Structures are given as structure tokens and as C-alpha cells.
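Enquirer: Quick mapping for you: the protein sequence lines, in order, are chains W and S.
Numbered per our numbering, the first sequence finishes at 111, counting up by one with no gaps.
Numbered per our numbering, the second sequence finishes at 230, counting up by one with no gaps.
No residue lacks a Cβ here, since even glycine has one placed at the ideal position from N, Cα and C.
No experiment lies behind these values; they were computed from the predicted model shown.
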Amino acid sequence: GEDVEQSLFLSVREGDSSVINCTYTDSSSTYLYWYKQEPGAGLQLLTYIFSNMDMKQDQRLTVLLNKKDKHLSLRIADTQTGDSAIYFCAESFAPNEKLTFGTGTRLTIIP
Amino acid sequence: GAVVSQHPSRVICKSGTSVKIECRSLDFQATTMFWYRQFPKQSLMLMATSNEGSKATYEQGVEKDKFLINHASLTLSTLTVTSAHPEDSSFYICSARDRGGANPGNTIYFGEGSWLTVV
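Now the structure itself:
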């Protein structure tokens, strides 16, 4: 079955880079996503990557995909206090299909 | 960007009563909507896939008679929690699929979520 795992917590000093990691088991996943959830709010899509890509960069965000190891990471450069949130990785077979979410990583910024 | 609205954002109900949560796509047509449930400090778990004009498809372990889903129009799906109990207290989030979307960035949009507390 599908299984997506993440570390539960990450603390980073303001201005440093944050790296949030995710592992998945289903090798047929075609799309992999990173979502941000602020307290009590819904989900905001940050970025996504196709399974045939190794890397995608979007401003302060860099996504790395190691398909062989089924490992996905999200790097946030110059982490700010507004980046405090829970970050979920997710996978799907198609862009319009249901998502399987990871356990979520709570990112805390240390002043 | 596209907007998905959920209502109510917070609701408290008495044990044994039913409560309805609405999910609306405000500026696009959604033939499919997804309902997720999130327990505190846990991930989102898909409950069911709601298809306009047909019966919802429920995930394994989700009681269809307890969580009634109706998708009567291209812009509205409702989740009714029947005979609610304290263990049904949770954060419920819907997402809607824009049938005009072609890539992940413009296909699935999430609502703001609804907090249900059963007392």
C-alpha cells in the first residue's frame, strides 16, 4: 500500500536553510507535492514535481527528488518567521486524482 | 487563484445530533471533490471521493452511513456527520478538482477546513 513518511519536527534558526525530508513507498507515483498548513488553516500548495524530474527550484524553494531511493526533500532558503507551519509532502498518480499525504513536519523558527 | 470555500469553519454540536459541512468551488466547476479528515497533530486521511451526480466512493474503514456525502451540483459537495460522537471531533478539509485544470498547479484546490467539536 501507499505510505509516505516525514520527520515530525524541525527547528531552524531564522536566516538559515530548512530541509524537510519525505520518503514514499509507491514507485508508480507520478506527481509529488509540498503543501504548507498554517495553524487552523487549510492547505496551500507550495510546489510540485513530476517523477521524471530530479530538481525544481522556485524562488526560495528547492525540491530534490531521488526516485531510486523514493526520497523527496524541500529546502527553504533564508528561513523566515512566516515559514513556521506544518509541511506535508503528498503523492498522486495524476494531477487530478486523490492525494496521499505524509505525516507532516512541524517547522519551528528560532529567532 | 481558484477558491474553495468551506462552511462552517467551526461548529460545536451535541452528541447524537447531525452536522452538515459544505464545500463550494467559487469560480470553477468541480466534477470531483475529496473529503479528508485530520486528527490533531496527524496527517490528512482521505475519507471519500465525491463525484457530481453519482454516489461517493469511500475509503476502506470509513462508514458511509455515518459520513453522508452529497455532490448535487458542479460547485457544491456536502458532508453530513450523522449521530455525531465525541470521537468524530476533528478537522475536516475538502478539496475540489477543477475539470479545466491541466497540471497540478491549477487542478486541485483545498478549502480552509472545518473544525468539528462534538460535546
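Just how far apart, CA to CA, sit His71 (chain W) and Trp226 (chain S)?
Expert: As a first step, residue 71 (chain W) is located in the first sequence; it is residue number 71 there, counting from the start. As a first step, residue 226 (chain S) is located in the second sequence; it is residue number 115 there, counting from the start. Each residue's Cα considered, the two are about 32 Å apart.
Enquirer: When the Cα atoms are used, what is the spatial distance from Ala207 (chain S) to Lys152 (chain S)?
Expert: By one-based count along the second sequence, residue 207 (chain S) stands at place 96. By one-based count along the second sequence, residue 152 (chain S) stands at place 41. In a straight line, the C-alpha of Ala207 (chain S) is about 23 Å away from that of Lys152 (chain S).
Enquirer: Which residue marks the beginning of the beta strand (DSSP E) containing His196 (chain S), and which one marks its end?
Expert: Mapped onto the second sequence, residue 196 (chain S) falls at position 85. It is not in any beta strand (DSSP E) - His196 (chain S) carries neither H nor E in the DSSP assignment.
Enquirer: By the 10 Å Cβ neighbour count, where 16 or more other Cβ atoms means buried, how is Thr100 (chain W) classified, buried or exposed?
Expert: Residue mapping note: residue 100 (chain W) aligns to position 100 of the first sequence, counting from 1. So Thr100 (chain W) ends up on the buried side.
Enquirer: Counting beta carbon pairs with one atom in the region 170-182 of chain S and one in the region 204-220 of chain S, are three or more of them shorter than 8 Å?
Expert: Verdict: no, contact absent.
Enquirer: How would you call Glu14 (chain W), buried or exposed, if buried means at least 16 neighbouring beta carbons within 10 angstroms?
Expert: Numbered from its first residue, the first sequence carries residue 14 (chain W) at position 14. Glu14 (chain W) comes out exposed.
Enquirer: Considering only their Cβ atoms, is the gap separating Thr103 (chain W) from Val12 (chain W) smaller than 8 Å?
Expert: To locate residue 12 (chain W), count along the first sequence from 1; it is residue 12. To locate residue 103 (chain W), count along the first sequence from 1; it is residue 103. No, these two residues do not count as a Cβ contact at 8 Å.
Enquirer: State the beta-bridge partners of Asp58 (chain W) as determined by DSSP.
Expert: Residue mapping note: residue 58 (chain W) aligns to position 58 of the first sequence, counting from 1. Paired residues: W:Leu61.
Enquirer: Would you say Ser51 (chain W) and Ser29 (chain W) are within 8 Å of each other, going by their C-beta atoms?
Expert: Here the question's residue 51 (chain W) lines up with position 51 in the first sequence. Here the question's residue 29 (chain W) lines up with position 29 in the first sequence. Yes, the Cβ-Cβ distance between Ser51 (chain W) and Ser29 (chain W) is below 8 Å.
Enquirer: Which residue or residues does DSSP assign as beta-bridge partners of Leu72 (chain W)?
Expert: Against the first sequence, residue 72 (chain W) aligns to sequence position 72. Its beta-bridge partners are W:Cys22 and W:Leu65.
Enquirer: When you compare the CB positions of Ile20 (chain W) and Leu74 (chain W), do they come within less than 8 Å of one another, or not?
Expert: Against the first sequence, residue 20 (chain W) aligns to sequence position 20. Against the first sequence, residue 74 (chain W) aligns to sequence position 74. Cβ atoms of Ile20 (chain W) and Leu74 (chain W): closer than 8 Å.
Enquirer: In three-state DSSP terms, what is Thr143 (chain S)?
Expert: Position 32 of the second sequence, counted from the first residue, corresponds to residue 143 (chain S). Here Thr143 (chain S) sits in strand by DSSP.
Enquirer: Given that a residue counts as buried once 16 or more other Cβ atoms are within 10 Å of its Cβ, and exposed if not, what is Leu190 (chain S)?
Expert: Residue 190 (chain S) sits at position 79 when you count from the first residue of the second sequence. Answer is buried; the Cβ neighbour count reaches 16.
Enquirer: Tell me which residue opens and which closes the beta strand (DSSP E) that Phe234 (chain S) is part of.
Expert: Any question about residue 234 (chain S) goes unanswered here, given that chain S covers just 112 to 230.
Enquirer: Let me check one thing: in DSSP terms, what residues is Ser27 (chain W) bridge-paired to?
Expert: Within the first sequence, residue 27 (chain W) is the residue found at index 27, counting from 1. Ser27 (chain W) pairs with nothing; no bridge assigned.
Enquirer: Pick out whichever of W:Trp34, W:Glu97, W:Leu107 and W:Lys98 has its Cα sitting closest to the Cα of Ile86 (chain W).
Expert: In the first sequence, the residue the question calls residue 86 (chain W) occupies position 86. Here the closest residue by C-alpha is W:Leu107.
Enquirer: By the 10 Å Cβ neighbour count, where 16 or more other Cβ atoms means buried, how is Phe145 (chain S) classified, buried or exposed?
Expert: Translated into positions along the second sequence, residue 145 (chain S) becomes position 34. Buried: at least 16 other Cβ atoms inside 10 Å.
Enquirer: Does DSSP put Gly1 (chain W) in a helix, in a strand, or in coil?
Expert: Numbered from its first residue, the first sequence carries residue 1 (chain W) at position 1. Any reading at Gly1 (chain W) needs caution, since the residue's pLDDT is 49, under 50, leaving its predicted position unreliable; the model's value is listed next. Of the three classes helix, strand and coil, the one that applies to Gly1 (chain W) here is coil, per DSSP.
Enquirer: Is the CB-CB distance between Asp54 (chain W) and Leu46 (chain W) below 8 Å?
Expert: Position 54 of the first sequence holds residue 54 (chain W). Position 46 of the first sequence holds residue 46 (chain W). It is not a contact, given that the beta carbons lie outside the stated cut-off.
Enquirer: Taking the beta carbon of Thr25 (chain W) as the centre, do at least 16 other beta carbons fall within 10 Å, making it buried, or is it exposed?
Expert: To locate residue 25 (chain W), count along the first sequence from 1; it is residue 25. Label assigned to Thr25 (chain W): exposed.
Enquirer: Using Cβ-Cβ distances below 8 Å, what residues of the region 59-80 of chain W are close to chain S?
Expert: Under the 8 Å Cβ criterion, the region 59-80 of chain W contributes no residue.
Enquirer: Please report how far the alpha carbon of Ser27 (chain W) lies from the alpha carbon of Thr186 (chain S), in whole angstroms.
Expert: Counted from its first residue, the first sequence places residue 27 (chain W) at position 27. Counted from its first residue, the second sequence places residue 186 (chain S) at position 75. Using only the alpha carbons, I get a separation of about 34 Å.
Enquirer: For chain W, find out if any of its Cβ atoms is closer than 8 Å to the Cβ of Leu157 (chain S); answer yes or no.
Expert: Stepping through the second sequence from its first residue, residue 157 (chain S) is reached at position 46. True, the Cβ-Cβ gap to chain W drops below 8 Å.
Enquirer: Quick one: is Leu143 (chain S) buried, meaning 16 or more other Cβ sit within 10 Å of its Cβ, or exposed?
Expert: In the second sequence, the residue the question calls residue 143 (chain S) occupies position 32. Looking at the sequence shown, residue 143 (chain S) is not Leu but Thr. When all chains shown are included, Thr143 (chain S) counts as buried.
Enquirer: Check each candidate in S:Gln171, S:Arg210 and S:Ile204 and name the one with the smallest Cα separation from His118 (chain S).
Expert: The residue labelled residue 118 (chain S) in the question sits at position 7 within the second sequence. When only C-alpha atoms are compared, the closest one is S:Ile204.
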